[in-house]
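In my numbering, the protein residues as written are 13 to 187. Notes follow the structure.
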């Protein structure tokens, strides 16, 4: 490896990353659909996938703390390194907050919180429709913030791959 090359992420980190990506990219359009149309059957799926995201992200954060990310190329400025670090941890925080806010809002509604028809998650808040309504608005805004950060994250990865032609994106594709 040259001085400006890096090793890739572990297989576990890559699986967790791409699993999260698929789940989140599924949730965004489904969330928009159920917010704007009466598509009752998608509510249960949205809730189930949300709980799955919480579990995957929890494992992901633990994994990342135990196995730090590979170093970025030396050619990347300190400001870009800080931006990458900030975006990653902000996305983790928003993903966790998004699920917890949705869980509390659904509990306060109150509505069932199924997990793929296998069992129901417990309610973690008492009935409070006004709180539920407010938290669903917060849930929407967290989703918008996440979408904006994801566009930046994906854009940065594509910039590194196609413009800079470095291996930043490739380290998440293979080890």
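Quick reminder that beta carbons are idealized off the backbone N, C-alpha and C, glycines included. In this text the structure is predicted, and so the values were computed from the model without any measurement.
- Contact check for residue 65 and residue 94: beta-carbon distance about 26 Å, past the 8 Å limit, so the pair fails to qualify.
- Residue 153 sits exposed, since fewer than 16 C-beta atoms from the chains shown fall within 10 Å of its C-beta.
- The beta-carbon distance between residue 181 and residue 172, rounded to whole angstroms, is 5 Å. This is short enough to meet the 8 Å contact definition.
- For residue 67, the enclosing alpha helix (DSSP H) has its first and last residue at 52–78.
- Relative to residue 146, the option among 135, 128, 118 whose CA is nearest is 118.
- In the DSSP assignment, residue 126 is bridged to 132.
- Annotated three-state conformation of residue 43 is helix, per DSSP.
- For residue 56 and residue 183, the gap between their C-alpha atoms comes out near 35 Å.
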